[in-house]
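Engineer: Numbering follows the UniProt record's numbering, in which position 154 of the sequence shown is assigned residue number 154; successive positions increment by one, without gaps.
Cβ atoms here follow ideal geometry from the backbone N, Cα and C, with glycine treated the same way.
Structure in structure tokens, see below.
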Amino acid sequence: MKKLLKQYVQQTQIGGKDCEQVLKEFSRILDDQIERIVLFLLQQQGHLSRRIEELGAQRAAIMQQVDTSRVFQLREDYREVGRDLVKLLRFVDMNATGLRKILKKFDKRFGYKFTDYYVTTRSNHPYSQLQQVFKQVGIVAVAGALSRNLAYLEHEHRGSFLSIYDNPSVVLQDPIIDQVNHAVQKLTHATSFMQYLGQHALIVQDDTPSGSEDNVDDESYHFMSLMLNLVNTFLYMVNTYIIVPTADDYSVSLGAAATVCGIIIGSMAVAQVFSSVYFSAWSNRSYFRPLVFSSIMLFSGNLLYALAYDLNSLTVLLIGRILCGLGSARAVNRRYISDCVPLKIRLQASAGFVSASALGMACGPGLAGFLQTKFTIYSLTFNQSTLPGWVMSIAWLLYLVWLWFSFKEPEHFAKAAAEAAARTSQPSESGKSSRKC
């Protein structure tokens, strides 16, 4: 598959194939490979099930004639099935990890989020082959049958009539069962990345990449860009909650009921629903431009929120809050941590995202408590109602300047932009534009 990827890269560079054709061919090849893996998995599950069924018949016969040596041999036969099950689990784990790395390499080579498309479409389809890997229903059933029969033999040997279902807290202490459970847990961790993508997860945890891939991540990682994303998260949450203590007074001063403050506060959250859609799509191409757009929208929204008092317009106030919601870049912040932060610090970065959100929620109302003043400059009123808008406008303007000079676009986006610029600068030979990766 790696050689095939190199061939596709070379063919697209020389113009032998367009990206749409490559995507279709590569999807078909992956579908074929996954189908072969799943069919082999089902075949082996059936083979293990038949062996357990045959051993079950032997167990029933042995229990009627108490023979310690045959019970011991039967237990070893069950353990042999367990060892084969562990091998099968390792096979599935190896292929799941390999599939993930192939998808990751494709994204890096072509600068196109093929992984999102492929896993989401395949995992959510009613005839999904990937679901056989995600759910592991057959494997868990075989492991359960193995555990039950080994436990039954152990209890019979001790003269106990209890079943594993009578006391679920008691775990069978057997080395082969421990190996099976460990292999199942490892497989669940290996496939969770693709499963989360299929369910549109927010931030995913990468499994351990190869040394070369880890080095590439370390080289492309930019700490200041991560910090800018976390600051964006913090400022947005401050922006959301800084108006909570004064929104009712503001609405009353504009001639509306105090209860309208609920609409003022909630309008930003409603607008955020729509912004998450286009920001998620936009982050497939760039992180810098969405963050710039977000800062401009939030600056404008807060400015309108502050000016609404002097304009005596509730409409202007609501438009300002809606613009703030449309500038929510939280989807971009999460995506950046998922895609551009090295594995070894991704957990800390994810914790930083949550902490920045929580800190912003706490600081917003607290900051509003320090804005209890009133003065006028050039017919502009600064009071407890308008100061949150003015303060956040200045904060977003300063953030925009910092972002403009300090943010570094990830390498795969920068390369894609350079290649696109090179293509547009060259005259078209065929007169037809092909889809860009």
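1. According to DSSP, is L235 part of a helix, a strand, or is it coil?
2. Kindly indicate which three-state DSSP category F40 falls into: helix, strand or coil?
3. Can you give me the Cβ contacts of L254 inside the same chain, cut-off strictly under 8 Å, excluding the 5 residues immediately before and after it?
4. I'd like to confirm the pairing. Which residues does DSSP put opposite I377 in its beta bridges?
5. Excluding the five sequence neighbours on either side, which residues of its own chain have a C-beta within less than 8 Å of the C-beta of F299, listed in chain order?
6. Between Q45 and I139, is the Cβ-Cβ spacing less than 9 Å?
7. So S280 and I322 are in contact, right, with Cβ under 8 Å, and what is the actual spacing, rounded?
8. Can the beta-carbon of L5 be found closer than 9 Å to that of K105?
9. For R334, report the span of its alpha helix (DSSP H) as first-last.
10. Classify Y337 as buried or exposed, calling it buried when 16 or more other Cβ atoms lie within 10 Å of its own Cβ.
11. Let's see if you can read the secondary structure: which residues bound the alpha helix (DSSP H) around T315?
12. Looking at the structure shown, is F223 part of a helix, part of a strand, or coil, going by DSSP?
13. Which first and last residues belong to the alpha helix (DSSP H) in which K344 is found?
14. Considering only the beta carbon of each residue, do S385 and F234 sit closer than 9 Å?
15. Measure the alpha-carbon distance for K432 versus M297 and round it to whole angstroms.
16. Below 6 Å CB to CB, which residues in the same chain sit around T183 once its five sequence neighbours on both sides are set aside?
17. Using C-beta distances below 8 Å, list every residue in its chain close to K3, excluding the 5 sequence neighbours before and after it, in chain order.
18. Please report the straight-line C-alpha distance between Y118 and C19, rounded to a whole angstrom.
19. Tell me the DSSP secondary structure of R59 in three-state form.
20. Please classify S295 as buried or exposed, where buried requires at least 16 neighbouring CB atoms within 10 angstroms.
21. Just the Cα atoms here: how many angstroms apart are K101 and G325?
22. When the distance is taken between beta carbons, is L291 closer than 9 Å to N229?
23. Comparing C-alpha positions only, which one of T115, Y305, Y278 sits nearest to R330?
24. Compute the distance between the beta-carbons of L150 and G82, then report whether it is under 9 Å.
25. Taking the Cβ atom as the reference point for each residue, do V332 and S283 lie within a distance shorter than 9 Å?
26. Grouping DSSP H, G and I as helix and E and B as strand, with all else coil, what is K104?
Structural biologist: Working from what's here:
1. helix
2. helix
3. A308, Y309, N312, S313, L314, L317
4. L380
5. S393, W396, L397, L400
6. yes
7. The pair is not a contact, with the Cβ atoms about 19 Å apart (cut-off 8 Å).
8. yes
9. 330-340
10. The sequence shown places Ile at residue 337, not Tyr. So I337 counts as buried.
11. 314-326
12. helix
13. 343-368
14. no
15. For K432, the pLDDT reaches just 43, beneath the cut-off of 50, and the residue's location in the model is therefore unreliable, although a value from the coordinates is still provided. Straight-line Cα distance between these residues: approximately 36 Å.
16. It should be noted that the sequence gives Ala, not Thr, for residue 183. Only V86, L89 meet the Cβ criterion.
17. none
18. 15 Å
19. helix
20. buried
21. 36 Å
22. yes
23. Y278
24. yes
25. yes
26. helix
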